[in-house]
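Numbering (my numbering), first residue to last: 3 to 52. The structure appears below as structure tokens.
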């Protein structure tokens, strides 16, 4: 997966698919997954909240 540039505040567009692939590649789903990113508190609702 290559680097995707975007305007500030669009972390999900830049890293969302990569994060999803990494989580799906885990041998077992964790009970809790902590991600250092904005979520529901993003001003435009475009954070990495799952």
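Just so it is clear, CB atoms sit at the ideal spot from N, CA and C, and this is done for glycine as well.
| Asked | Found |
| --- | --- |
| Distance check for residue 17 and residue 39, CA to CA, integer angstroms please. | 10 Å |
| From residue 115 to residue 21, what does the alpha carbon distance come to, in whole angstroms? | The structure shown does not extend to residue 115, since the chain is modelled only from 3 to 52, so the question has no answer here. |
| Going by C-alpha distance, which of 19, 25, 29 is nearest residue 36? | 25 |
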